[in-house]
Structure formats: C-alpha cells, structure tokens
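Shown next, in structure tokens, is the structure this report addresses.
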Amino acid sequence: MSAASKRLSTATDWATALEEAVVEHPGHPRWLADIRKQGRERIRQHGFPSRAHEEWKYTSLAAIAQGPYSSLLDEGDQGNFTTVKFLPADGPVVTLLNGVFLEGSSDLLSLPAGIRVRPLSDALRGDADRLRSTLEAVSDGEHPFRALADATLGDGLFIEVDSGIGFEGVLHVVNLIDGGSAPGAAHLRHVVVVGKGARLAIVEEVHCHQDVLANIHWDFEVGEDAEVGRVRTFGRCADGNLFHGSRVRQADGSTFSDFFHCAGVRMIRNEIEVELAGRRCHTELRGAYFATGSEHVDNQTRILHSHPDCTSNEVYRGVLSGRSRGVFSGKIHVFQDAQRTDAKQSSDSLLLSRKAEADVRPRLEIYADDVRCTHGATVGELDEDAIFYLRSRGVNEPLARKMLVGAFVKEVLEEVEPEALRQRLVDDLTCGIEISPVPEE
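Residue numbers (the working numbering): 275 to 715.
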C-alpha cells in the first residue's frame, strides 16, 4: 500500500468514527450539521499532514493519525483530578470535563450583568443565528485539528460581554480532559464575543488524565476599543497530546493580550492567529515553557496587520532539558494598506542538555513601506560567568542555576497579574528543572 493510500485510509477511518459518534441534538440548526459534515469531508480529503508539509516540518502527527484517538471520550470522572494543584481563583469559575459543563464545580454568581457564560450547545439552540457567522467564518481550510473540531462541533463555551461592561475581575476557565480506561479525544470550541469598550480577563488551565488527545479552539471577536486579556496554563500531562488553537479578530482601537504557559506536557502544539482588522489596534503575545524528557512544545503564531497605525509585540522563551524539543514559528504579515505598522517578535531558548533541541522560524512578509518590523531569536546555555559570580557570593551551584533559569522566564511574565498568579507560574516552570551542569557528549 502506498503512503498516500495509507493516509487516506486512516483519514477515512477517522471521519467514519466521528460521524458515528456525534449525536445530533434537538433544536440545533441545520447549518450546524452542514459544518460537521464539511469537517468530516476535509478530514477524508486531506488527512493529517506529514513533516514534508512546511507548516508541520518540526512536529510529527503520525502517532495521532494512526493512534486510538478517533473515538470520542465519554463523560469522564472528575475524581481523577483530585490531586491536581489548581490555580488560585478569586472570582467566577467555569469547569468543563471532556467539554461538558459541570454546574456543580462552576460558580458564575459573581459575574456582573452584561456578561453571559453558557455551554455552546445551549447557545446553539437559543442563539444559533448569533453564532452562525463566527462559526462558519473559521470553518475552512485544510487544517486537521480545525476540521476535527468542526466535525464534532457542539461542546465548549459561548462567552458574551455587552458593550461598555468593564469587568475588573477574572473569569477562570478549567478544562479537564479525562481519558478514563480507553484513549480517545475531546474536541472543544470556545467562542468569545466582546462588545465595544468592554473589558474581559480570562485565566484558562488545562489538565489531562491518561492517554488523550485534547483539541481545544478559541474564537475571539474583540469589539471597538475593547480590551481582552488571557493567561493559559497547561498542567502536568505526561500522557497527553494537546492541540490548542486561537483565532482573534480585533476592531478599531482594541487590545488583545495572551500569555502561554506550559510545563510537563508530552506533546503540545499552540497556534494563535490574530487579525488586526481595524486602526489603532495592539496585540501582545507572550509565552514561557519548560520541557524535559522527550516532551515536545510547538508554538506557531501568525499576526495579520491589515490596517494602519497598529502595533504588535511577541516574546516567547523556552527552557529545554533532557531530549526535549521546542519549536517557535512566527509570521508577521503586513498588508499594503497597513502603513505605520510597528511589529516586534523575539524567541529565546535556553538549553539545559546537549540533547535538547530548539528550532526557530521567524518570518516577515511586508507589503507596506512605512513600517517598523523586527524579529530576533537566540538559542544558548546558562552563562557560566553568572554562575561563578553567584557562587562567589555564597550560592551553591544547583541553586545558582535554578535562580538564573527563574530570571530568564520571569521577565516574560512581568505583566501577568496578580502577583500570586505570576509567582505560581514561575514556580511551575522551575520546579522540575534539572539543575545539574550540562553534560558533555
């Protein structure tokens, strides 16, 4: 059997399994079934890309495409997460288990009037027309995980913030993915619509149990002069494969910020695409991650500057130990009309092992002439002179190495609030660090 026919067979198996697993709910609109069908057809037609595909050059999907994940996870067992050290939450909390809203573990009473958080499946029954344009707009292309999310569309959240609502608190979103006794997949779609002049802050944490594929997508519509901030953290998930995708569309004068934090995940691909679709927009993307063993962290960013007078800034830092691999591929696209664009991008990787690997692929595509666009990338090891200096001040060598790693990642977290959350994220990144000297070959 040829490689092409083998890939098609695997893709067909996936599509058939998803068609059999998805249950149509009464009250859901006809166009939802069409989106699901189109998702299955895209899986059948395109399958999963190989590493020969430029966008997947550094990340293999073979274990996923040929693995046991074509079935959907059942309702799961929340008891499997009793030992998880959740982030502190002082405000509204919404918890989902395998994409299903857990009312008993959620507390939305402190949400102000004008902010609504509800299961996506409920919104598809009550406000289907409001969601249609958003869901259909992003349901295209050959992307395998977006196609999977479309094929099973229904689980997730719909978050709305009315114009002028300045929520000063934080909405805490907890995604629990439980593999139970049989490996499978959970495909979630979260849709966020923020009105003109409104403000919303989100902290999302993802935890997995057993061998799972967690496929989570966020779609943001950020209104004129609105501010949206999100912090994402991915907890220990030694047996999990995670795909986390975000698409953001910003209107005039809006601000969107995102912080990505990861430690202890077997394989994760983080994709975020932001379209600055109005004037005077600002986008801030930051990330810090730690990987060890054979863990794999792949960050893919794409910022589309289509209007004048906009700014964007990207800063990602990774700490790699063992035989782990970190990937950063960032693209800044400046369209012809996007004059006076100011875009910056940087990626820095710190290797704690000779066998760790960092791959960096920064890209600028510029069609306007009045712009300021820069990108930079570094890959290096701990500064032995700095270690010597700390030792001369009475700090032992293991602690000196850990202090330097902490300083390396902490700089990226400067804008994360409150301070207790910021320190917790730093601690999570450094607690598993191998602080012995880098071994020679």
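Ideal placement from N, C-alpha and C gives every residue a C-beta, glycine not left out.
Which of helix, strand or coil DSSP assigns to residue i
{"i": "Tyr641", "result": "coil"}
{"i": "Gly388", "result": "coil"}
{"i": "Gly680", "result": "helix"}
{"i": "Asn354", "result": "helix"}
{"i": "Pro418", "result": "helix"}
{"i": "His649", "result": "strand"}
{"i": "Arg667", "result": "coil"}
{"i": "Ile439", "result": "coil"}
{"i": "Pro636", "result": "strand"}
{"i": "Leu626", "result": "coil"}
{"i": "Gly503", "result": "strand"}
{"i": "Val466", "result": "strand"}
{"i": "Ala612", "result": "coil"}
{"i": "Arg523", "result": "strand"}
{"i": "Glu689", "result": "coil"}
{"i": "Gln619", "result": "strand"}
{"i": "Ser531", "result": "strand"}
{"i": "Glu478", "result": "strand"}
{"i": "Asp657", "result": "coil"}
{"i": "Leu292", "result": "helix"}
{"i": "Pro393", "result": "strand"}
{"i": "Glu498", "result": "coil"}
{"i": "Leu409", "result": "helix"}
{"i": "Ala694", "result": "helix"}
{"i": "Arg473", "result": "strand"}
{"i": "Ala459", "result": "strand"}
{"i": "Val297", "result": "coil"}
{"i": "Asp424", "result": "helix"}
{"i": "Asp287", "result": "helix"}
{"i": "Gly509", "result": "coil"}
{"i": "Leu383", "result": "coil"}
{"i": "Asp485", "result": "coil"}
{"i": "Gly430", "result": "strand"}
{"i": "Leu376", "result": "coil"}
{"i": "Thr452", "result": "Strictly speaking, residue 452 in this sequence is Asp, with Thr absent from that position. Looking at Asp452 - three-state DSSP - the assignment turns out to be strand."}
{"i": "Val447", "result": "strand"}
{"i": "Ala278", "result": "Caution applies to Ala278, whose pLDDT of 40 falls short of 50 and renders its modelled position unreliable; the value that the coordinates give is listed next. In the structure shown, Ala278 sits in a helix (DSSP, three-state: H, G or I)."}
{"i": "Thr704", "result": "helix"}
{"i": "Asp401", "result": "coil"}
{"i": "Leu699", "result": "helix"}
Distance cut-off 6 Å: residue i Cβ against heavy atoms of the ligand GTP
{"i": "Asn354", "result": "Only the bare structure without any ligand can be found here, which leaves the ligand GTP out of the picture."}
Rounded Cβ spacing between residue i and residue j (contact assumed at less than 8 Å)
{"i": "Glu639", "j": "Lys684", "result": "Incorrect: roughly 32 Å between the Cβ atoms, too far for contact."}
{"i": "Glu479", "j": "Gly453", "result": "Their Cβ separation, rounded to whole angstroms, is 18 Å, which puts Glu479 and Gly453 out of contact at 8 Å."}
{"i": "Gly503", "j": "Ala472", "result": "Going by Cβ atoms, the distance from Gly503 to Ala472 rounds to 12 Å, so no, they are not a contact pair."}
{"i": "Ala642", "j": "Val690", "result": "Not really, about 32 Å apart at Cβ, beyond 8 Å."}
{"i": "His535", "j": "Ala562", "result": "6 Å"}
{"i": "Arg406", "j": "Phe432", "result": "Not confirmed; about 12 Å, so no contact."}
{"i": "Leu215", "j": "Asp532", "result": "Residue 215 falls outside the range modelled here, since the chain spans only 275 to 715, and no answer is possible."}
{"i": "Val435", "j": "Gly388", "result": "7 Å"}
{"i": "Ala363", "j": "His446", "result": "4 Å"}
{"i": "Ser380", "j": "Asp429", "result": "Not quite, the Cβ-Cβ distance comes to about 15 Å (not below 8 Å), so this is no contact."}
Contact check, residue i vs residue j, beta carbons under 7 Å
{"i": "Leu292", "j": "Thr426", "result": "yes"}
{"i": "Leu346", "j": "Ala295", "result": "yes"}
{"i": "Val601", "j": "Ser621", "result": "no"}
{"i": "Leu656", "j": "Leu678", "result": "yes"}
{"i": "Gly552", "j": "Asp526", "result": "yes"}
{"i": "Val589", "j": "Phe564", "result": "no"}
{"i": "Val448", "j": "Thr408", "result": "no"}
{"i": "Phe360", "j": "Leu450", "result": "no"}
{"i": "Cys555", "j": "Ser528", "result": "yes"}
{"i": "Asp644", "j": "Arg675", "result": "no"}
{"i": "Ile542", "j": "Leu516", "result": "yes"}
{"i": "Asp731", "j": "Ile338", "result": "The structure shown does not extend to residue 731, since the chain is modelled only from 275 through 715, so no value can be given for it."}
{"i": "Val574", "j": "Leu550", "result": "For the record, residue 574 in the displayed sequence is Gln; it is not Val. Not closer than 7 Å, so no."}
{"i": "Leu626", "j": "Ser595", "result": "yes"}
{"i": "Gly519", "j": "Cys482", "result": "no"}
{"i": "Ala612", "j": "Ser586", "result": "no"}
{"i": "Glu569", "j": "Arg591", "result": "no"}
{"i": "Ala421", "j": "Gly313", "result": "yes"}
{"i": "Phe322", "j": "Pro386", "result": "no"}
Inter-stretch contact (C-beta, 8 Å, three-pair minimum) for the region 662 to 669 and the region 627 to 636: With the cut-off at 8 Å, the region 662 to 669 and the region 627 to 636 do not touch.
Sequence ranges, beta strand (DSSP E) only - wholly within the region 537 to 609, length at least 3: Qualifying beta strand (DSSP E) stretches, in chain order: 539 to 550, 556 to 565, 570 to 579, 585 to 594 and 599 to 608.
Three or more C-beta pairs below 8 Å linking the region 311 to 320 and the region 330 to 342: Contact fails: fewer than three Cβ-Cβ distances are below 8 Å.
In chain order, each alpha helix (DSSP H) run of at least 4 residues that lies wholly inside the region 310 to 373: The region 310 to 373 contains these whole alpha helix (DSSP H) runs: 336 to 339.
Three or more C-beta pairs below 8 Å linking the region 454 to 461 and the region 487 to 499: Short answer: they touch.
Contact the region 399 to 408 vs the region 297 to 304: 3+ CB pairs below 8 Å: Taking 8 Å as the limit for Cβ pairs, the verdict is that the region 297 to 304 does touch the region 399 to 408.
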